[in-house]
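For reference, the structure discussed in these notes is given below.
Protein chains: 2
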Amino acid sequence: MAIAKQYTVNELLRRFQLNVTDSRKKILQLFLNQQEALAHADIEKKAGEKFDRVTVYRTLQTFVEKGLIHSIPTADNSILYALCKDDCTEGHHQDHHIHFVCEQCEKTACLDQVNIPEIKLPLGFKKEKIDVVISGICKACS
Amino acid sequence: MAIAKQYTVNELLRRFQLNVTDSRKKILQLFLNQQEALAHADIEKKAGEKFDRVTVYRTLQTFVEKGLIHSIPTADNSILYALCKDDCTEGHHQDHHIHFVCEQCEKTACLDQVNIPEIKLPLGFKKEKIDVVISGICKACS
DNA sequence: AACACATTGCAACAAAGTTGCAAAAAACAA
DNA sequence: TTGTTTTTTGCAACTTTGTTGCAATGTGTT
Chain R
1 MAIAKQYTVN
11 ELLRRFQLNV
21 TDSRKKILQL
31 FLNQQEALAH
41 ADIEKKAGEK
51 FDRVTVYRTL
61 QTFVEKGLIH
71 SIPTADNSIL
81 YALCKDDCTE
91 GHHQDHHIHF
101 VCEQCEKTAC
111 LDQVNIPEIK
121 LPLGFKKEKI
131 DVVISGICKA
141 CS
Chain E
143 MAIAKQYTVN
153 ELLRRFQLNV
163 TDSRKKILQL
173 FLNQQEALAH
183 ADIEKKAGEK
193 FDRVTVYRTL
203 QTFVEKGLIH
213 SIPTADNSIL
223 YALCKDDCTE
233 GHHQDHHIHF
243 VCEQCEKTAC
253 LDQVNIPEIK
263 LPLGFKKEKI
273 DVVISGICKA
283 CS
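As given, the protein sequences belong to chains R and E, one line each in that order.
Each residue of the first sequence is one higher than the one before, starting from 1 at the first, in my numbering.
Each residue of the second sequence is one higher than the one before, starting from 143 at the first, in my numbering.
Structure, rendered in structure tokens:
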């Protein structure tokens, strides 16, 4: 299901079969307003009025399960979350885009334009999902 | 610097300019005996006699800094460690191999044979480092 | 052996994440 | 709208994970 800006937060939540609540609206809005990926801590801080830490955990988990956002593991052992641009469905994320981590501004973005070339695995290995994280200097910083 | 099995643990530690201690020998031996990547928790458990949690943290950190092992971030927000097969040097890891996570046995391995194809980034982005994690079913499980 | 230096383990702490449960809010039905 | 059911929230208590300072111990060197 595609997440496009023409939908309101309420409409989006409905489309993803989620009850419309305050925390979900605020947190989803955060993602819509934002280019780069967000960490749990960012969300706790930026979500305007403060929600309980537990609520943020549970909201993110729900969003991932329903396919609104996907998670990106990072080198420093934390998880970032970003909106799923398209064809992510409940339980199965198609992250066929790459993630770019800027070493200067430390922001992480999804590069939707870039395709991941086919990678041939040795005999016997079956590929289900591929995650590519490239770090370097982003467009804004160079 | 290449890590080959013909060297003893002691020799390896010396070569990487590390003092030879009990915990370092035991932990390095663990990695040498093992195909797949290890999590901090695995190491605490498997390291025969128990070392303090702090010692394990510090030993792993030292090994990463000196280039004996490299770390692999995982989707469930934990870090795995694996031996560096070759050309990793102090402070700079050349992880030009991919990591494969089996969804069945949950083991993570480095596929050294597989090369990462060139990925063209949009104008303005400068690539420094690339991490590829593929999940699916491994050879042993299929 | 004696020295300098590096490493360890303990304790205390900080941060991150989880669970159960009662209260509050949302959805649903009449 | 009102009442009923179901979902979500926030709190408290807890577990797990990771960090820091420091005294004691171990390692390398002469």
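Note that the Cβ used here is the ideal one computed from N, Cα and C, for glycine as well.
Query: Give the list of continuous beta strand (DSSP E) stretches no shorter than 3 residues that lie fully inside the stretch 91-127 of chain R.; Result: 98-102, 108-111
Query: For E/Lys269 versus E/Leu263, is the C-beta spacing smaller than 8 Å?; Result: yes
Query: What is the rounded straight-line gap between the Cα of R/Ser142 and the Cα of R/Thr108?; Result: 15 Å
Query: Identify the contact partners of E/Cys280 in chain R, using a Cβ-Cβ distance below 9 Å as the criterion.; Result: Gly124, Phe125, Lys126
Query: With H, G and I counted as helix, E and B as strand and the rest as coil, what does DSSP make of E/Ser220?; Result: coil
Query: Take E/Ala282 as the anchor and find which of E/Asp164, E/Ile211, E/Thr163, E/Glu178 has the nearest alpha-carbon.; Result: E/Glu178
Query: Using the DSSP secondary-structure output, state which residues sit across from R/Gly67 in a beta bridge.; Result: Looking at the DSSP assignment, R/Gly67 forms no beta bridge with any residue, so it has no partner.
Query: Run through the DSSP bridge pairs and tell me what E/Val274 is partnered with.; Result: R/Val132
Query: Do the CB positions of R/Tyr7 and R/Leu38 come within less than 8 Å of each other?; Result: no
Query: Might you give, ordered along the chain, the residues of its own chain that have their beta carbon closer than 6 Å to the beta carbon of R/Phe16, omitting 5 neighbours on each side?; Result: Lys66, Leu68
Query: Does DSSP put E/Ala183 in a helix, in a strand, or in coil?; Result: helix
Query: E/Leu160 by DSSP, collapsed to three states: which one?; Result: coil
Query: Is there a C-beta anywhere in chain E that falls below 8 Å from the one on R/Gln35?; Result: no
Query: Below 8 Å on the Cβ atoms is my contact criterion, and I expect E/Ile256 with R/Ile119 to pass it. Report the Cβ-Cβ distance as a whole number of Å.; Result: The residue you asked about is not Ile; residue 256 of chain E is Val in the sequence shown. So it is a contact: roughly 7 Å between Cβ atoms.
Query: Taking E/Glu207 as the query, report the chain R residues whose CB atoms sit under 7 Å from its CB, ordered along the chain.; Result: Within 7 Å Cβ-Cβ: nothing; E/Glu207 doesn't reach chain R, min ~14 Å.
Query: Which residues of chain E have a Cβ atom closer than 9 Å to the Cβ of R/Val132, listed in chain order?; Result: Ile258, Ile261, Ile272, Asp273, Val274, Val275
Query: Please report how far the alpha carbon of R/Ile137 lies from the alpha carbon of R/Phe100, in whole angstroms.; Result: 9 Å
Query: Have a look at E/Ala217, E/Ile169, E/Ile214 and flag the residue whose alpha-carbon is nearest the alpha-carbon of E/Gln194.; Result: It is worth fixing the name first, because residue 194 of chain E is Asp in this sequence and not Gln. E/Asp194 has its Cα closest to that of E/Ile169, out of E/Ala217, E/Ile169, E/Ile214.
Query: Residues in its own chain within less than 7 Å of E/Arg166 by CB, not counting five upstream and five downstream?; Result: Leu155, Leu160, Thr201
Query: Quick one: list the residues of chain R neighbouring E/Asn161, beta-carbon separation under 7 Å, in chain order.; Result: In chain order: nothing, as chain R lies at least about 27 Å away.
Query: Quick one: is R/Thr74 near chain E, going by C-beta distance under 8 Å?; Result: yes
Query: So, using beta-carbon positions, are R/Pro117 and E/Pro215 closer together than 8 Å?; Result: no
Query: With 8 Å as the threshold, decide whether the Cβ of E/Gln148 is near any Cβ in chain R.; Result: no
Query: At least one CB of chain R closer than 8 Å to the CB of E/Leu225: is that the case?; Result: no
Query: When the cut-off is 8 Å and only beta carbons count, does E/Ile221 lie next to chain R?; Result: yes
Query: Give the residues of chain E in contact with R/Ile98, contact being defined as C-beta atoms less than 8 Å apart.; Result: Ile261
Query: Closer than 7 Å by C-beta to R/Ala47: which residues in its own chain qualify, once you throw out the five before and the five after it? Chain order, please.; Result: Lys26, Ile27, Leu30
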